[in-house]
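Numbering (numbering that gives the first Met the number 0) for the sequence shown: 0 to 249.
From the three backbone atoms N, C-alpha and C, an ideal C-beta is built for every residue, glycine too.
If you're wondering where the values come from, they're calculated on a predicted model, not measured in any experiment.
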Amino acid sequence: MIHAVTSANRNLYANQLTAMHKMRYHFYVAQRGWSDGLTIDEDREYDEFDRADTVYLMNLTSDGQIKSTFRLMPTINDYLLDRLPQFVNGPIPRGNHIWDMTRWIIAPSFRKVNGERYSKAHSELACGLFEFAATRGITHYTTLMDTRFLPAVEQAGWKYELLGLPAEYGDRGETAIAVIIDAGPESLAHNRMIYDIDYSILFESPPPRLGERIEDVLARLNVIETIEKISDREARMATWGGLTTQFSAA
């Protein structure tokens, strides 16, 4: 289950938030050597974007352990690309319908094993990411990612556009690239299909108040309609494929 941790319910996730910041410290500071702009509190990592309007998507086990996590924030306020404008050619994306995602981590014990194309922890979080978009009227996500992750985005079939050219960052000669990813209803339908998750996987308590807005209701209906259209199209293709096989054999 993917839990949306917001300013309204963070008190319910105190242990998970502490564990998340420790995971971030071990992955980004201890392993990758990040330090610029970070606040280190013992073995926990924070930065300026851990703020009131930030939402953490947490993929939790039944006993509350973190399997994977994303950090999301609206772009109407300053966000990461405002601090790193060299990664963007042109205006920095901004708007209520555009959110930024950072700090993607999968816990070591939940990463994919030999033979798996995607780990379950990744598949669930991906579906939760696009389901969250439907609850907020989000049409696009921006992200600054290591260039080595771009092939995985393409392999997953995510629709995206480059915001600029790759550039180096940090002291280790690593390169990153900024992209904007389509987060509309078709993206949710696509991810549910490729990851074989045909049910709602997102939990938020209390539910988002934006749910009463007509555009959010329409977004949810659009998701359902899109999934039904895709399912119908697949059924027709399967039927046509069967008929073709029969005629070929005749």
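Endpoints, the alpha helix (DSSP H) within which residue i is located
i	result
ASP99	Per DSSP, ASP99 belongs to no alpha helix (DSSP H); it is in the beta strand (DSSP E), 97-105.
ASP81	79-82
ILE193	184-193
GLN154	149-154
Simplified DSSP assignment, three categories, for residue i
i	result
ARG70	strand
THR17	helix
PHE202	strand
MET273	Only positions 0 to 249 of the chain appear in the structure, and residue 273 is not among them; the question remains open.
ALA166	strand
ALA125	helix
ARG43	strand
ASN8	coil
MET22	helix
ALA120	helix
ALA3	strand
GLY210	Note that GLY210 has pLDDT 46, beneath the 50 cutoff, so the model's placement of it is unreliable and the number below is only indicative. Reduced to three states, the DSSP call for GLY210 is helix.
VAL216	Because the pLDDT at VAL216 is just 48, under 50, the model does not fix this residue reliably, and the value given afterwards should be weighed accordingly. Note: VAL216 maps to helix in three-state DSSP.
Nearest-angstrom Cα separation, counted from residue j out to residue i
i	j	result
ILE180	PRO73	14 Å
ARG23	ILE75	25 Å
ALA29	MET19	14 Å
THR141	THR17	26 Å
ASN10	GLY63	14 Å
LEU79	TYR159	18 Å
ASP42	THR101	19 Å
LEU164	ASN88	8 Å
GLN154	ARG147	12 Å
ASP197	TYR168	39 Å
THR138	GLU47	25 Å
HIS25	PRO92	31 Å
Beta-carbon contacts of residue i that lie in its chain and below 6 Å, excluding the five residues immediately before and after
i	result
TYR12	VAL4
Closest residue to residue i among the options (Cα-Cα distance)
i	options	result
ARG103	VAL87, ILE91, TYR27, ASP46	It should be noted that the sequence gives Trp, not Arg, for residue 103. Checked all of VAL87, ILE91, TYR27, ASP46; the closest Cα to TRP103 is TYR27.
ASP49	LEU149, ASP42, SER67, LEU71	LEU71
ALA7	ASP42, TYR55, PRO84	TYR55
MET144	GLY169, THR174, GLY127	THR174
SER122	ASN10, SER199, GLN15, ARG43	SER199
GLY156	MET192, ILE97, LEU164, GLY127	MET192
ALA133	ASP195, TRP98, ASN88	TRP98
GLN15	GLU47, SER61, ALA51	SER61
VAL178	PRO150, HIS189, LEU201, LEU124	PRO150
LEU162	PRO90, PHE69, GLU47	PRO90
Cβ shell of residue i (< 8 Å), same chain only, five flanking positions each side left out
i	result
PRO205	ALA7, ASN8
ALA260	Since the displayed the chain opens at 0 and closes at 249, residue 260 lies outside it and no answer follows.
ASN95	PRO73, ILE75, GLY136
ASP52	SER6, MET72, PRO73, ASN76
Residue i - containing beta strand (DSSP E), residue span
i	result
ALA175	173-181
MET144	139-145
TYR27	Unbroken run through TYR27: none, as it is neither H nor E.
Heavy atom of the ligand MG within 8 Å of residue i beta-carbon
i	result
ASN8	Looking at this structure, you won't find the ligand MG or any other ligand, since it has none at all.
CB contact check: residue i to chain C, cutoff 9 Å
i	result
LEU11	Going by chain labels, chain C is absent from the structure shown, which holds only one protein chain.
Cβ shell of residue i (< 7 Å), same chain only, five flanking positions each side left out
i	result
PHE129	ALA182, SER186, LEU187, ASN190
LEU124	ILE1, LEU56, ASN58, SER67, PHE69
SER118	ILE105, PHE109, ARG110, LYS111
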